[in-house]
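J.:
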Ligand SMILES: O=C(O)CCC(=O)C(=O)O
Ligand SMILES: [Fe+2]
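Residue numbers (the numbering used here): 0 to 273.
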């Protein structure tokens, strides 16, 4: 797992709101991630108690991707792979925060003929508002223009707000531009990625993914990190019931069981807890 970045890469993230790490996983690491995520998805789907949107159904959004949330909670293998302090340190360094907790993970499988993932901004949907929200999205298959690679609107993290995130529903790929007409002149960056590459995505940057026009699924697995001092904004979002019920707006989101601290410089000035 390559978690070293250069100063130029950090600069790129700050300027554009995303950063692709081409050689994140080696070949054998990629196999471990693919196997762990595939196995965890299979268990998740068979248990039928998932967060939402696992079965597709008839709706437009239901056919954007099959999404399974918090695989780390049911798969020891996934947990070992993603609660990695080196990854957490890199997320914290890029986000410019002293430490990060895992808000949730999610696998997103774009099935053949899946709808595009409309342009949207992530953080307006989160249970905390922060310019330091950061996600790491790992391609488990080669992602291409044909099968639903990501697209970014570079620099939009600098002007986006917490109120409007766009929607993944049937209003269409460009619904977000009604709220941000000035963004419609920004040429999207097409982010085709090899399997095993990963991309850090600011919670404030506009992004999208294309439809899958191939006969094979496009698998991706993502981790959403929040700064360790993030405070609850009153939205349940993907928080577990037992966490949500104890919270009031303004509380620090610091539940060690459900929102594990992946990395903090505060603990002892070096690599931190799992
Ligand atoms: O994988 C995709 O299609 C979109 C991913 C995304 O937007 C997200 O995880 O926030
Ligand atoms: Fe997103």
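Just so it is clear, CB atoms sit at the ideal spot from N, CA and C, and this is done for glycine as well.
Leaving out five residues on either side along the sequence, give the residues of the same chain with a beta carbon under 6 Å from the beta carbon of residue 224.
T.: What you label residue 224 is simply residue 225 of the chain shown in a count that begins at 1. Within the same chain, residue 224 has close Cβ partners 90, 99, 133.
J.: Suppose you measure from the CA of residue 177 to the CA of residue 186; what does that come to, to the nearest Å?
T.: Indexing the chain shown from 1 puts residue 177 at position 178. Indexing the chain shown from 1 puts residue 186 at position 187. Straight-line Cα distance between these residues: approximately 16 Å.
J.: Under the criterion of a Cβ to heavy atom distance below 7 Å, does residue 234 qualify as lining ligand 1?
T.: By one-based count along the chain shown, residue 234 stands at place 235. Outside the cutoff, so no.
J.: The beta strand (DSSP E) with residue 265 in it runs from where to where?
T.: The residue labelled residue 265 in the question sits at position 266 within the chain shown. That residue, residue 265, is in no beta strand (DSSP E); it is neither H nor E in DSSP.
J.: Taking only heavy atoms of ligand 2 into account, decide whether any of them is closer than 7 Å to the Cβ of residue 206.
T.: Start at 1 with the first residue of the chain shown, and residue 206 comes out as number 207. Residue 206 Cβ: within cutoff of ligand 2.
J.: Specify the secondary structure class of residue 279 as computed by DSSP and reduced to three states.
T.: Coverage of the chain is limited to positions 0 through 273, which leaves residue 279 absent and any answer about it impossible.
J.: Residue 104 by DSSP, collapsed to three states: which one?
T.: Looking up residue 104 in the chain shown gives position 105. Of the three classes helix, strand and coil, the one that applies to residue 104 here is strand, per DSSP.
J.: If you measure from the CB of residue 155, is any heavy atom of ligand 1 nearer than 7 Å?
T.: Counting from one through the chain shown, the residue named residue 155 turns up at place 156. Because no heavy atom of ligand 1 lies under 7 Å away, the Cβ of residue 155 does not count as near it: no.
J.: What residues in its chain sit with their C-beta under 7 Å from that of residue 131, if we drop five residues either side in the sequence?
T.: Along the chain shown, one-based indexing puts residue 131 at 132. Closer than 7 Å at the Cβ level, and outside the excluded window around residue 131, lie 94, 95, 96, 226.
J.: Note the first and the last residue of the continuous beta strand (DSSP E) segment covering residue 150.
T.: Position 151 of the chain shown, counted from the first residue, corresponds to residue 150. Residue 150 -> beta strand (DSSP E) spans 149-151.
J.: Assuming residue 81 contacts residue 57 (C-beta within less than 8 Å), just tell me the rounded distance between them.
T.: Taking the chain shown and counting its residues from 1, one reaches residue 81 at position 82. Taking the chain shown and counting its residues from 1, one reaches residue 57 at position 58. That belief does not hold up - the Cβ atoms of residue 81 and residue 57 are roughly 32 Å apart, past 8 Å.
J.: Between the segment 195-208 and the segment 120-128, are three or more C-beta pairs nearer than 8 Å?
T.: The segment 195-208 is in contact with the segment 120-128.
J.: When you measure from the CB of residue 213 to every non-hydrogen atom of ligand 3, does any distance come out below 7 Å?
T.: This structure lacks ligand 3; the ligands present are ligand 1 and ligand 2.
J.: Under the assumption that residue 209 contacts residue 230 (Cβ atoms under 8 Å), give the Cβ distance between them as a whole number of angstroms.
T.: If you number the chain shown from 1, residue 209 lands on position 210. If you number the chain shown from 1, residue 230 lands on position 231. Their Cβ separation, rounded to whole angstroms, is 35 Å, which puts residue 209 and residue 230 out of contact at 8 Å.
J.: Extract the residue ranges of the alpha helix (DSSP H) inside the segment 161-229, only unbroken runs of 4 or more that lie entirely within it.
T.: Runs found: 175-178.
J.: Alpha carbon to alpha carbon, how far is residue 163 from residue 141? Give it in angstroms, no decimals.
T.: By 1-based counting over the chain shown, the position of residue 141 is 142. By 1-based counting over the chain shown, the position of residue 163 is 164. Roughly 31 Å between the two C-alpha positions.
J.: Can you tell me the Cβ-Cβ gap for residue 139 and residue 220, rounded? I've got them flagged as a contact below 8 Å.
T.: If you number the chain shown from 1, residue 139 lands on position 140. If you number the chain shown from 1, residue 220 lands on position 221. Contact flag correct, Cβ pair sits at about 6 Å.
J.: Give me the Cα-Cα distance between residue 27 and residue 183, rounded to the nearest whole angstrom.
T.: Mapped onto the chain shown, residue 27 falls at position 28. Mapped onto the chain shown, residue 183 falls at position 184. Their backbone Cα atoms lie some 41 Å apart in a straight line.
J.: Leaving out five residues before and five after residue 192 in sequence, what residues of the same chain have Cβ atoms less than 6 Å from its Cβ?
T.: Numbered from 1 along the chain shown, position 193 holds the residue referred to as residue 192. Once the five neighbours on either side are set aside, the close Cβ partners of residue 192 are 138, 142.
J.: In three-state DSSP terms, what is residue 142?
T.: Translated into the one-based positions of the chain shown, residue 142 becomes position 143. In this structure, residue 142 counts as strand in the three-state DSSP scheme.
J.: For ligand 2, I want to know if residue 43 counts as a neighbour, meaning its beta carbon is within less than 7 Å of at least one of the ligand's heavy atoms.
T.: Here the question's residue 43 lines up with position 44 in the chain shown. It does not: the Cβ of residue 43 is nowhere closer than 7 Å to a heavy atom of ligand 2.
J.: Can residue 121 be considered in contact with ligand 2, in the sense that its beta carbon sits closer than 7 Å to one or more heavy atoms?
T.: For this step, residue 121 is matched to residue 122 along the chain shown. Under cutoff, so the answer is yes.
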